[in-house]
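**Student:** Structure provided below as structure tokens; questions to follow.
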Amino acid sequence: MSTLDVVASVFLVLGSLMSLLAGIAVLRFPDTMSRIHAATKPQVLGIILLMLGVGLRLGSPAVIGTLVLIVILQFVTAPVSAHLTVRVAYRNAKGDDERITEKSAHSAADDGPEQMIQAMVKENTAAQAAVDGNEKPDPGTDAAR
Amino acid sequence: MIWTVVISGTLFGLGALFAAIRLVRGPTQIDRAVALDVMLAIVVGVIVLTAAVSDSSITLVIAVVVSLLGFIGSASLAKLLPRDRQ
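First to last, the protein sequences are chains A and B.
Mapped onto numbering that gives the first Met the number 0, the consecutive letters of the first sequence carry residue numbers 0 to 144.
Mapped onto numbering that gives the first Met the number 0, the consecutive letters of the second sequence carry residue numbers 0 to 85.
Given below as structure tokens:
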């Protein structure tokens, strides 16, 4: 195997590793939005690495043109499909049926850094209070029973 | 080159298996749509791997078609899934 074949093999393995990462993320992440985030990011990078591997193996110009076409298509379509999917997931999580207007989509980050930090602190304390409230008390020992 | 096929094939297969588990378990329909998107990307990767290993450039045209169909499927699912009412 020549050096070019070895480099192409490395690219192919790295590209398949990206797909494995996307699969692991889709399985293990706790939330729908996190899964979408972690499943669409490695997709394009994996495609690019695989195309590099194939392009090094088969060097003809027609092949290179097809590979560039696939990469351009992925660049154009992956953000659009991710945006559409996340929009539906966000609407489901928020639970409202109205159109997302400027007012309903307003977030604390639009006001400025201090407001955003205050909103994050408030959210963290609320989450901590929820966790503390859900903790069951320790079961008593034999002496206390 | 045989080791490349074995290692890459194993990685693709594991990724597809995990996506399939999420496809079965996913609490919402959006999770299933995302899992299908991941599986389609893995299919594109396997087709590209096949083209690389068997030195055939005609196989890459299938990858173009499958990636386009994957996008159309994701966009249609996102548009047509009914809203979860909680």
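Glycine is no exception: its CB is placed at the ideal position from the N, C-alpha and C atoms.
Keep in mind the model is a prediction, meaning the values are calculated, not measured.
(1) Leaving out five residues before and five after Val79/A in sequence, what residues of the same chain have Cβ atoms less than 6 Å from its Cβ?
(2) Quick check on this structure: which residue in Ser1/A, Ile71/A, Thr2/A, Ala81/A has the alpha carbon closest to the alpha carbon of Lys40/A?
(3) Please check if any C-beta of chain A sits within less than 8 Å of the C-beta of Val5/B.
(4) Is the stretch 20–36 of chain A touching the stretch 2–9 of chain A in the sense that three or more CB pairs, one from each, lie closer than 8 Å?
(5) On the DSSP letters alone, give me the boundaries of the alpha helix (DSSP H) that Asp57/B sits inside.
(6) Following the continuous alpha helix (DSSP H) through Ser80/A, name the residue where it begins and the one where it ends.
(7) At a CB-CB cut-off below 9 Å, which residues of chain B make contact with Thr31/A?
(8) Drop a sphere of 10 angstroms on the beta-carbon of Asp30/B, count the other beta-carbons inside from all chains shown, and report buried for 16 or more, exposed for fewer.
(9) What is the DSSP secondary structure of Thr27/B, reduced to helix, strand or coil?
(10) Does Leu68/B get closer than 8 Å to chain A when you measure Cβ to Cβ?
(11) Is it right to say Ile35/A is buried, meaning 16 or more other beta carbons lie within 10 angstroms of its own, or is it exposed?
(12) Determine the direct distance from the alpha carbon of Thr31/A to that of Ser15/A, and round the result to whole angstroms.
(13) Just the C-alpha distance for Gly64/A and Pro81/B, rounded to the nearest angstrom, thanks.
(14) Hey, is Leu16/A's beta-carbon within less than 8 Å of any beta-carbon in chain B?
(15) Does the separation of the CB atoms of Ser66/B and Leu57/A fall below 8 Å?
(16) Considering Arg82/B, what are the terminal residues of the alpha helix (DSSP H) in which it resides?
(17) Does the beta carbon of Ile1/B come closer than 8 Å to any beta carbon on chain A?
(18) To which residues of the same chain is Thr49/B closer than 7 Å at the C-beta, ignoring the five residues directly before and after it?
(19) Do you know how far the Cα of Val43/A is from the Cα of Ala77/A?
(20) Would Ala126/A be called buried (16 or more neighbouring beta carbons within 10 Å of its own) or exposed?
(21) Excluding the 5 residues preceding and the 5 following Leu20/A in the sequence, name in chain order all residues of the same chain whose CB lies nearer than 6 Å to its CB.
**Tutor:** In short, the structure shows the following:
(1) The beta carbon of Val79/A lies closer than 6 Å to none in the same chain, with the five residues before and after it left out.
(2) Measuring from the Cα of Lys40/A, the nearest candidate turns out to be Ala81/A.
(3) Cβ-Cβ to chain A under 8 Å: no for Val5/B.
(4) Taking 8 Å as the limit for Cβ pairs, the verdict is that the stretch 20–36 of chain A does not touch the stretch 2–9 of chain A.
(5) According to the sequence shown, residue 57/B is Ile rather than Asp. Under the DSSP assignment, Ile57/B falls outside any alpha helix (DSSP H); it carries neither an H nor an E label.
(6) Its alpha helix (DSSP H) spans residues 60–93.
(7) Those within 9 Å of Thr31/A in chain B are Gly25, Pro26, Thr27, Ile29, Asp30, Val33.
(8) Asp30/B should be labelled buried.
(9) Collapsing the DSSP output to three states places Thr27/B in coil.
(10) By this cut-off, Leu68/B is not an interface position.
(11) Around the CB of Ile35/A, 16 or more other CB atoms lie within 10 Å, so the residue is classed as buried.
(12) Here the alpha carbon of Ser15/A sits roughly 23 Å from the alpha carbon of Thr31/A.
(13) Straight-line Cα distance between these residues: approximately 40 Å.
(14) Leu16/A counts as touching chain B.
(15) No. Outside cutoff.
(16) Where Arg82/B is concerned, there is no enclosing alpha helix (DSSP H), given that its DSSP letter is neither H nor E.
(17) In terms of beta-carbon proximity, Ile1/B stays away from the interface with chain A, with every pair separated by 8 Å or more.
(18) Within the same chain, Thr49/B has close Cβ partners Thr58.
(19) Their backbone Cα atoms lie some 7 Å apart in a straight line.
(20) With fewer than 16 Cβ atoms within 10 Å of its Cβ, Ala126/A is classed as exposed.
(21) Excluding residues within five positions, the ones whose Cβ falls inside 6 Å are Pro41.
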